[in-house]
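Below is one structure; the comments refer to it alone.
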Amino acid sequence: MKHTVFVVIYLLVMGGLIVGLDVAFLRDHLWWRLAVNVGIVAVFAIVYLTLLRNLFTQ
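49 is the number of the first residue of the sequence shown in the numbering used here; add one for each residue after it.
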């Protein structure tokens, strides 16, 4: 149960960061927005898969 709650919060933070950056800085720049969003998702996925997943498997 703790793992599920953590993943939901983690995804909400990632979504909030993406939406916040889109609205604040990248509203009129389609390709920059796409590249930044893909980069954010990639960084969050790498951090989760390398560091955070092991916290809940022990």
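No residue lacks a Cβ here, since even glycine has one placed at the ideal position from N, Cα and C.
Discussion item. In this structure, how does DSSP classify L74 when only helix, strand and coil are distinguished?
Written reply: coil
Worksheet entry | alpha helix (DSSP H) segment containing T98, residue limits | It is not in any alpha helix (DSSP H) - T98 carries neither H nor E in the DSSP assignment.
Discussion item. Does M62 come out as helix, strand or coil in the three-state DSSP assignment?
Written reply: helix
Worksheet item: Which value, in whole angstroms, describes the spacing of the CA atoms of A93 and V55?
Response: 11 Å
Item to complete: Have a look at M49 and V95 and give me their C-alpha separation to the nearest angstrom.
Response: 21 Å
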